[in-house]
Amino acid sequence: EAEVAQSPRYKITEKSQAVAFWCDPISGHATLYWYRQILGQGPELLVQFQDESVVDDSQLPKDRFSAERLKGVDSTLKIQPAELGDSAMYLCASSLRLYNEQFFGPGTRLTVL
Amino acid sequence: EDKVVQSPLSLVVHEGDTVTLNCSYEVTNFRSLLWYKQEKKAPTFLFMLTSSGIEKKSGRLSSILDKKELFSILNITATQTGDSAIYLCALIQGAQKLVFGQGTRLTINP
Numbered sequence: 744e745a746e747v748a749q750s751p752r753y754k755i756t757e758k759s760q761a762v763a764f765w766c767d768p769i770s771g772h773a774t775l776y777w778y779r780q781i782l783g784q785g786p787e788l789l790v791q792f793q794d795e796s797v798v799d800d801s802q803l804p805k806d807r808f809s810a811e812r813l814k815g816v817d818s819t820l821k822i823q824p825a826e827l828g829d830s831a832m833y834l835c836a837s838s839l840r841l842y843n844e845q846f847f848g849p850g851t852r853l854t855v856l
Numbered sequence: 149e150d151k152v153v154q155s156p157l158s159l160v161v162h163e164g165d166t167v168t169l170n171c172s173y174e175v176t177n178f179r180s181l182l183w184y185k186q187e188k189k190a191p192t193f194l195f196m197l198t199s200s201g202i203e204k205k206s207g208r209l210s211s212i213l214d215k216k217e218l219f220s221i222l223n224i225t226a227t228q229t230g231d232s233a234i235y236l237c238a239l240i241q242g243a244q245k246l247v248f249g250q251g252t253r254l255t256i257n258p
């Protein structure tokens with residue numbers, strides 16, 4: 744069964760360091776999302792791609808976060824520099840097209856010390 | 149401001165009980181409402197509801213949407229310990245932005 748892949752699964756870093764997460768969506772899915780989930784809360788959208796274009800990045804802290812999906816397939820999310828408050832689960836999701844259900848990857852759990 | 153509110157936030161029941169989880173919302177440009185189950189990792193998709201009054205069913209789980217009163221319920225009958233999880237309600241709004249509620253933590257005791 745096709746799945747969204749993410750790596751790494753866990754990342755521990757010190758504050759002020761740079762971190763990067765990778766996501767490979769389900770093959771053929773045009774829309775890709777990055778979410779951040781803080782413990783005890785629902786996921787919050789950071790950025791949404793339609794193919795290689797950013798559709799919504801209104802909640803992305805652009806002073807330290809960046810995201811790209813250069814060829815419209817896999818995507819990377821980067822944080823530089825990491826802060827203590829960035830500790831969270833970072834979830835990637837994809838959907839076949841607009842208004843379809845989104846399927847989530849296993850997530851990357853980030854701990855910033 | 150778009151809002152998705154789930155209740156209760158936490159629920160503890162015994163195996164075999166029936167539970168009803170609630171999701172109410174205030175969202176502009178409503179498209180669809182989704183339910184997800186989240187155990188120790190990423191949310192897994194349960195249902196997508198677009199039309200009012202049509203029940204979606206999968207085994208012991210069922211869900212229905214009321215677009216007039218702006219809420220949805222998720223029912224689980226004959227609960228099992230494997231149903232213990234966080235249940236998330238989310239709205240597809242506008243250009244497919246997904247807005248999540250805070251989740252209901254369900255615990256099923258044997």
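If you read the protein sequences in the order shown, they are chains W and Y.
Position in the first sequence (first residue = 1) + 743 = my numbering.
Position in the second sequence (first residue = 1) + 148 = my numbering.
All residues carry an ideal CB built from backbone N, CA and C; glycine is no exception.
Just so it is clear, the structure is predicted and the values come from calculations on it, not from any experiment.
Less than 8 Å separating the beta-carbons of residue i and residue j?
i, j, result
"W:Y776", "W:R852", "no"
"Y:V167", "Y:L157", "no"
"W:Y833", "W:G815", "no"
In angstroms with no decimal places, state the Cα-to-Cα distance between residue i and residue j.
i, j, result
"W:R779", "W:A773", "20 Å"
"Y:I241", "Y:Q154", "Looking at the sequence itself, residue 241 of chain Y is Gln, so the reference to Ile does not match. Taking the straight line from one Cα to the other gives about 17 Å."
"Y:G207", "W:D806", "47 Å"
"W:I769", "Y:Q250", "26 Å"
"Y:T227", "W:S796", "43 Å"
"Y:K215", "Y:S172", "10 Å"
"W:D767", "W:E746", "9 Å"
Three-state secondary structure (DSSP) at residue i?
i, result
"Y:T229", "helix"
"Y:L222", "strand"
"Y:D150", "coil"
"W:D829", "helix"
"Y:I256", "strand"
"W:E844", "coil"
"Y:V161", "strand"
"W:I863", "Limits of chain W in this structure are 744 at one end and 856 at the other, which puts residue 863 of chain W out of reach."
"W:E787", "strand"
"W:A745", "coil"
"W:L775", "strand"
"Y:S199", "coil"
So, for residue i: in the same chain, excluding its five sequence neighbours on each side, which residues have a beta-carbon less than 6 Å away from its beta-carbon?
i, result
"Y:L209", "I224"
"W:V790", "W777, D800, L803, A810"
"W:W910", "With chain W represented from 744 up to 856, any question about residue 910 of chain W goes unanswered, as that position is not in the structure."
So, at 7 Å on beta carbons, what are the nonlocal neighbours of residue i in its own chain, with the 5 sequence-adjacent residues on each side left out?
i, result
"Y:T198", "S180"
"Y:V247", "D150, V152, V175, A238, L239, Q241"
"Y:S232", "L254, T255, I256"
Return the Cβ separation of residue i and residue j in integer angstroms, given the expectation that the two are a contact with Cβ distance under 8 Å.
i, j, result
"Y:T252", "Y:L182", "Actually they are not in contact, since the Cβ atoms of Y:T252 and Y:L182 sit about 14 Å apart, beyond 8 Å."
"Y:P258", "Y:T229", "6 Å"
"W:T819", "W:E826", "About 19 Å; that fails the 8 Å criterion."
"W:F847", "W:A836", "5 Å"
"W:V855", "W:D817", "Not confirmed; about 24 Å, so no contact."
For residue i, which residues of its own chain have a beta-carbon under 8 Å away from its beta-carbon, when the five flanking residues on both sides are left out?
i, result
"Y:E163", "T227, Q228, T229, I256, N257, P258"
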